[in-house]
Every structure is written in structure tokens, then in C-alpha cells.
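K.L.:
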Amino acid sequence: MRKALSVLLTAAMASSLLAACGSSSAPAAAPAETKAAETQATTAAATEAVKEVTEAAKEAEAKGDTITVGFAQVGHESDWRTASTNSVQAALSKENGIDLQFVDCDNDSAAQLEAVRNFIQQGVDYIVIDPIVSTGWDTVLTEADDAGIPVIVIDRTIDDSDKYVSWVGSEFTNEGLAAGAWLKAYVADKGISEVNALVISGTTGSSAQIGRSNGFDKFVESEKWNKLDEQTGDFTQEGGQKVMESYLKSYNGKFNVVVCQNDNEAFGAIDAMKAAGVSYGVDGDVIVISFDACTAGLQKVLAGEINADFQCNPLQGPDCLNIIKKLQAGEKVDQKTFMAEPWYVAEDKLTEITYTNNSGKEVTEPLVHVDQAVVDAAY
Ligand code: GYE
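With positions in the sequence shown counted from 1, the corresponding number in our numbering is that position plus 55.
#1: Quick one: is Ile247 buried, meaning 16 or more other Cβ sit within 10 Å of its Cβ, or exposed?
#2: Can we count Phe393 as close to ligand 1, meaning its CB is less than 6 angstroms from some heavy atom?
#3: Is the distance from the Cβ of Ser139 to the Cβ of Pro373 below 7 angstroms?
#4: In angstroms, rounded to a whole number, what distance separates the CA positions of Ala263 and Ala321?
#5: Apart from the five residues just before and just after Asp426, which ones in its own chain have a Cβ nearer than 6 angstroms to its Cβ?
#6: Give me the Cβ distance between Tyr219 and Leu405, rounded to the nearest whole Å; I'm assuming they're in contact under 8 angstroms.
#7: I'd like to check one pair, Asp180 with Gly130: are the Cβ atoms closer than 7 angstroms?
#8: Could you compute how far the alpha carbon of Thr94 sits from the alpha carbon of Glu293?
#9: Indicate the three-state DSSP secondary structure (helix, strand or coil) for Glu276 in the structure shown.
#10: Looking at Ser221 and Ile209, is the spacing between their C-beta atoms short of 7 angstroms?
#11: Between Phe393 and Phe365, is the Cβ-Cβ spacing less than 7 angstroms?
#12: Would you decide whether Lys329 is buried or exposed? Buried here means 16 or more other CB atoms lie within 10 Å of its CB.
#13: With respect to the beta strand (DSSP E) encompassing Gln286, which residues constitute its N-terminal and C-terminal limits?
#14: What's the gap between the Cα of Val333 and the Cα of Ile255?
#15: Going by DSSP, which residues form a beta bridge with Asn251?
#16: Judging by CA-CA distance, which residue of Leu155, Asp134, Thr137 and Asn141 is the nearest neighbour of Ile122?
#17: In or out: Gln177 buried (at least 16 other Cβ within 10 Å) or exposed?
#18: Could you check if Pro421 is buried or exposed, using at least 16 other CB atoms within 10 Å of its CB as the buried criterion?
#19: If the criterion is Cβ atoms closer than 7 angstroms, does the pair Val158 and Ala170 meet it?
#20: Taking Lys245 and Phe274 to be in contact with their CB atoms under 8 angstroms, please state how far apart those CB atoms are, rounded to whole angstroms.
#21: Tell me which residue opens and which closes the beta strand (DSSP E) that Lys391 is part of.
#22: Give the range of the beta strand (DSSP E) segment to which Asp318 is assigned.
#23: If you compare alpha carbons, which of Ser148, Ile184 and Asn319 is closest to Ser164?
#24: When we look at the beta-carbon of Ser261 and count the other beta-carbons within 10 Å, is it buried (16 or more) or exposed?
#25: Near Gly125, which residues of its chain fall below 6 angstroms by C-beta distance, leaving aside the five closest residues on each side in sequence?
#26: Got a sec? Which residues, its chain only, sit under 8 angstroms from Gly270 by beta carbon, not counting five neighbours each side?
#27: In chain order, what residues of the same chain have a beta carbon less than 7 angstroms from the beta carbon of Val337, not counting five sequence neighbours either side?
#28: Could you name the residues of the same chain whose beta carbon sits closer than 8 angstroms to that of Gly152, not counting the 5 residues immediately before and after it, in chain order?
#29: Rank Arg172, Ser216, Ala166 and Asp201 by C-alpha distance to the C-alpha of Thr190 and give the top, closest one.
#30: Drop a sphere of 10 angstroms on the beta-carbon of Ala432, count the other beta-carbons inside from all chains shown, and report buried for 16 or more, exposed for fewer.
#31: Could you round the C-beta distance between Ala252 and Val312 to whole angstroms and report it? I think they count as a contact, below 8 angstroms.
#32: Determine the direct distance from the alpha carbon of Thr291 to that of Ala91, and round the result to whole angstroms.
#33: Per DSSP, what kind of secondary structure is Thr228 in: helix, strand or coil?
#34: Return the chain-ordered ranges of every alpha helix (DSSP H) run that is complete within the region 170-223 and spans a minimum of 4 residues.
#35: I'd like the list of long-range same chain contacts for Glu407, defined as Cβ closer than 8 angstroms, with 5 residues on each side in sequence excluded.
#36: Taking the C-alpha atoms as reference points, what is the distance between Gly308 and Trp398?
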């Protein structure tokens, strides 16, 4: 086994890697923080990270049995992302025999490719990637393969290379299909005859965006709904708010559904609608659909501000650790692991949805009515 390559990772290399990705090994910043606070935090965290990396390298050398893992994380754009980072950092820990080199790529695809190349140069034992976008991976994954470094992909998918050993994540198309199936049942139940929908999509070209858009669009087509517009909010609260502010200039009074492709976008869109005096949610004129079902998202479902929230489970750290352990033991690993994900709703009348999922199978799935206990159990 390639051993303790972290020893080769000098503080200088670590700094340049961190600078390239504008990040640190510190926990991701909360999305609502100001730019100034973020910059300060990033600088302090980067200094701390270099120290940590150097110390970890020394330890690894002394012990000689630490598994070195490089993790190229998307960024720190959402509550979901913070939970994902925490999950991976908790599982791939020193206590579990892992020297984790964490890089927050700040939603910059070029920086993410560079981070992976740096991991290859360092000769880490494993590389974990949550790919910002689904394409552009063929060359760098071939380089990792040539270097004999197994790559594990989590969350979003890579669609233009198969040079990775395993993937753990969600079926994003099913999330979009479930949202469409719920909306179809909901408007039928409420006697709403026309759907005029606005979509605030996630980061363009990410598999999470592509899947959620494609799934929902199947219902737009089959139900002949009007999709008035679809623009990206980049999975951030600020993005969601800006897109909704601009939608309100063009479509005020003309839409009755907004589909936000994550909770943070929904928070921004809600703020914009509130400011404009547009009523939304269970008692309002605009039905709000969201994805992720983080704690703050489910709080808004409980409050009736979000009508339905389709969970995407970010807790992939334990599966990731399991895969590494199996590979270490020379065991086979599953090519794909899907996370279990419930669908959450604010009202208790509809209890299930039936739809044809992305594998062409007709499925009936429960709708979980949100109460305080559900919120308390969320991530
Ligand atoms: O929905 C969003 C995050 O890739 C599934 O990325 C993830 C998405 C998640 O920023 O909140």
C-alpha cells in the first residue's frame, strides 16, 4: 500500500492547494455569513489546515499505518453541504485510522480538478470526489487510475468516466419525479386546474440539477403544465432570492408554483416573495416545493411555508468509510449505493404517491407529514 505520502506534503504544497481551492479543512462556513467574515475565516482556517496537515504527516510517518484520503468537496453553498462535510470528516477520522486531507473547492470546477491532481501527485491512498459538475472527468480519472489510486465518488455523479470504484448518493431523477407526482396529486386534490410553475434550479450541469429538472419536466410534459421559466440559483440562499426577485418583475401574479432545487434557494425565494407581499405555502397563492429536507427546511414545512420537501440524504461518511475498509481488506465493493430518502409534506391529507421511477418501475411511496419530532430528527 502506498504509505504516508502525506509525509511528502509540505506546508508549501498544502498552502498552494488550499489557495487554489479557496478553502480549508475547517468545517464549512454557514451560507448566510458575510463575505468579510468568510474571508477572515478562510484565512484563519487555511493557516490552521496547513498546521494540521503537517502534523498529520508527521504522525502518519511515525505510525506508518495511516490511510491517507484526499476529499475534494464541492464547496460550502448550503446546509446540505455542511452536513455532508461533517459526515465525511466524522467518519474518515484519525480515530478510524484515516488522515483526511479536505479541500473545499468553492463551487469551482477547475479548482476541483486541480485538487484531485494534487492528491494524485501526493500519492494519497484514496481519493473521494463529490463532483461539482458531471462531465470533464475523463482525463483526471485516467491519471488517478494510472497512478493506482482508487477513486470513490459520493453524492453527485460523474457521467463521462467509469474510472472509479464506487459511488454513494441519491437518485436525483426520482427526487424530481416524486416532486412532479406529488404536485399532480396535490393540485387534483385542491381543484387547481392550471399549473404555472417557476423553477429555481441548482448549479447548472451538476447531476443533482440535471436529475431534478429532468424528473420534474416529465410531469410538466405529461400534465401539460406551464413552466414559465427555469434559472439557476446555484444552490444558495442568495441565488434563490435573486432569481425570485427577478421572476417577480416578470411574472408577478402569473405563477402559482415555485420549484426550488434545494432548501437554501427556497429560503431566499420565500424572503423575496415575503418582501413583495406575495402569499405562499399552505395558506397562500404560491405552492413551494423544495429538495434536501435539512432541519431549517423541515421547520419551514412545519410552519406551512414550504408545501413539500423531497429529501436528499447527505450522511454519506459512514458508507464511504465502509467502502475504504472493504477495499483495504481486498473485498469487493458495490458499484452503487443509494441513500434512503423520504418525502415530506406540510398537510396530512395525501399519504402516498404512485409514479413510474427512473428505472421504469411503478412505485408507491409514503408522504411523511412533518411534526416537531420529524424536525428534531433531521440533519
Ligand atoms: O441538494 C444542495 C447542495 O449535491 C445533492 O448540493 C447535492 C446538492 C444539494 O448544494 O443543497
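Note that beta-carbon positions come from the ideal geometry of N, C-alpha and C, so glycine has one too.
P.N.:
Judging by the given coordinates:
#1: To locate residue 247, count along the sequence shown from 1; it is residue 192. The residue in question, Ile247, is exposed, as its Cβ has fewer than 16 Cβ neighbours within 10 Å.
#2: Position 338 of the sequence shown, counted from the start, is the residue given in the question as residue 393. At a cut-off of 6 angstroms, the beta-carbon of Phe393 does not count as near ligand 1: no heavy atom of the ligand is closer than that.
#3: For this step, residue 139 is matched to residue 84 along the sequence shown. For this step, residue 373 is matched to residue 318 along the sequence shown. It is not a contact, given that the beta carbons lie outside the stated cut-off.
#4: Residue mapping note: residue 263 aligns to position 208 of the sequence shown, counting from 1. Residue mapping note: residue 321 aligns to position 266 of the sequence shown, counting from 1. Whole-angstrom Cα-Cα distance: 16 angstroms.
#5: The sequence position of residue 426 within the sequence shown is 371, counting from 1. Result list for Asp426: empty, nothing under 6 angstroms.
#6: Along the sequence shown, one-based indexing puts residue 219 at 164. Along the sequence shown, one-based indexing puts residue 405 at 350. Not confirmed; about 39 angstroms, so no contact.
#7: Translated into the one-based positions of the sequence shown, residue 130 becomes position 75. Translated into the one-based positions of the sequence shown, residue 180 becomes position 125. For Gly130 and Asp180, no; Cβs fall outside 7 angstroms.
#8: In the sequence shown, counting from the first residue as 1, residue 94 sits at position 39. In the sequence shown, counting from the first residue as 1, residue 293 sits at position 238. Confidence at Thr94 is low in this model, with a pLDDT of 33, below 50, so its placement is unreliable and no value can be given for it.
#9: Locating residue 276 in the sequence shown gives position 221, counting from the first residue. Here Glu276 sits in helix by DSSP.
#10: On the sequence shown, residue 209 is found 154 positions in, with the first residue counted as 1. On the sequence shown, residue 221 is found 166 positions in, with the first residue counted as 1. No, they are not a contact pair.
#11: Along the sequence shown, one-based indexing puts residue 393 at 338. Along the sequence shown, one-based indexing puts residue 365 at 310. If you check the CB distance, Phe393 and Phe365 do not come in under 7 angstroms.
#12: Stepping through the sequence shown from its first residue, residue 329 is reached at position 274. So Lys329 counts as exposed.
#13: Here the question's residue 286 lines up with position 231 in the sequence shown. First-last of the beta strand (DSSP E) with Gln286: Asn281 to Thr287.
#14: Counted from its first residue, the sequence shown places residue 333 at position 278. Counted from its first residue, the sequence shown places residue 255 at position 200. Looking at the two C-alpha atoms, the distance is approximately 17 angstroms.
#15: Taking the sequence shown and counting its residues from 1, the one referred to as residue 251 is at position 196. Its beta-bridge partners are Asn281.
#16: Residue 122 sits at position 67 when you count from the first residue of the sequence shown. Checking every option, the nearest Cα to that of Ile122 belongs to Leu155.
#17: On the sequence shown, position 122 is the one that residue 177 refers to. Classification of Gln177: buried, given that the 10 Å Cβ count is 16 or more.
#18: Translated into positions along the sequence shown, residue 421 becomes position 366. Exposed is the label assigned to Pro421, since fewer than 16 other Cβ atoms lie within 10 Å of its Cβ.
#19: Position 103 of the sequence shown, counted from the start, is the residue given in the question as residue 158. Position 115 of the sequence shown, counted from the start, is the residue given in the question as residue 170. Cβ atoms of Val158 and Ala170: closer than 7 angstroms.
#20: For the purposes of this step, residue 245 is taken as the residue at position 190 of the sequence shown. For the purposes of this step, residue 274 is taken as the residue at position 219 of the sequence shown. 16 angstroms between Cβ atoms; not a contact.
#21: Here residue 391 is taken as the residue at index 336 of the sequence shown, counted from 1. Segment Lys391 to Phe393, the beta strand (DSSP E) holding Lys391.
#22: Along the sequence shown, read from residue 1 onward, the residue named residue 318 stands at position 263. Premise fails: Asp318 lies in the alpha helix (DSSP H), Asp318 to Ala331, not in any beta strand (DSSP E).
#23: Here residue 164 refers to the residue found at position 109 when the sequence shown is read from its first residue. Looking at the Cα atoms, Ile184 is the closest of the given residues.
#24: As a working note, residue 261 is residue 206 in the sequence shown. Per the 10 Å Cβ criterion, buried.
#25: Within the sequence shown, numbered from 1, the residue matching residue 125 stands at position 70. Gln156, Phe174, Val179 and Ile182.
#26: Residue 270 sits at position 215 when you count from the first residue of the sequence shown. Same-chain partners within the cutoff: Phe227, Thr228, Asn229, Glu230, Gly231, Leu232, Ala233, Ala234, Gly235 and Asn413.
#27: Against the sequence shown, residue 337 aligns to sequence position 282. Closer than 7 angstroms at the Cβ level, and outside the excluded window around Val337, lie Gly359, Asn362, Ala401 and Glu402.
#28: Indexing the sequence shown from 1 puts residue 152 at position 97. Excluding sequence neighbours, Gly152 sits near Asp120, Thr121 and Ile122.
#29: Locating residue 190 in the sequence shown gives position 135, where the first residue counts as 1. With distances taken between Cα atoms, Thr190 lies closest to Ser216.
#30: Indexing the sequence shown from 1 puts residue 432 at position 377. It counts as exposed.
#31: Indexing the sequence shown from 1 puts residue 252 at position 197. Indexing the sequence shown from 1 puts residue 312 at position 257. Rounded, the Cβ-Cβ distance is 4 angstroms, consistent with contact.
#32: Start at 1 with the first residue of the sequence shown, and residue 91 comes out as number 36. Start at 1 with the first residue of the sequence shown, and residue 291 comes out as number 236. Residue confidence is low: Ala91 scores 34 on pLDDT, short of 50, so the model does not pin down where it sits. Its coordinate-derived value is still stated next. Each residue's alpha carbon lies about 17 angstroms from the other.
#33: Residue mapping note: residue 228 aligns to position 173 of the sequence shown, counting from 1. Helix, per DSSP.
#34: Scanning the region 170-223 for uninterrupted alpha helix (DSSP H) segments of 4 residues or longer gives 193-201, listed from N- to C-terminal end.
#35: As a position in the sequence shown, residue 407 is number 352, starting the count at 1. Thr419, Glu420, Pro421 and Leu422, listed in sequence order.
#36: Position 253 of the sequence shown, counted from the start, is the residue given in the question as residue 308. Position 343 of the sequence shown, counted from the start, is the residue given in the question as residue 398. Those two C-alpha atoms are separated by around 28 angstroms.
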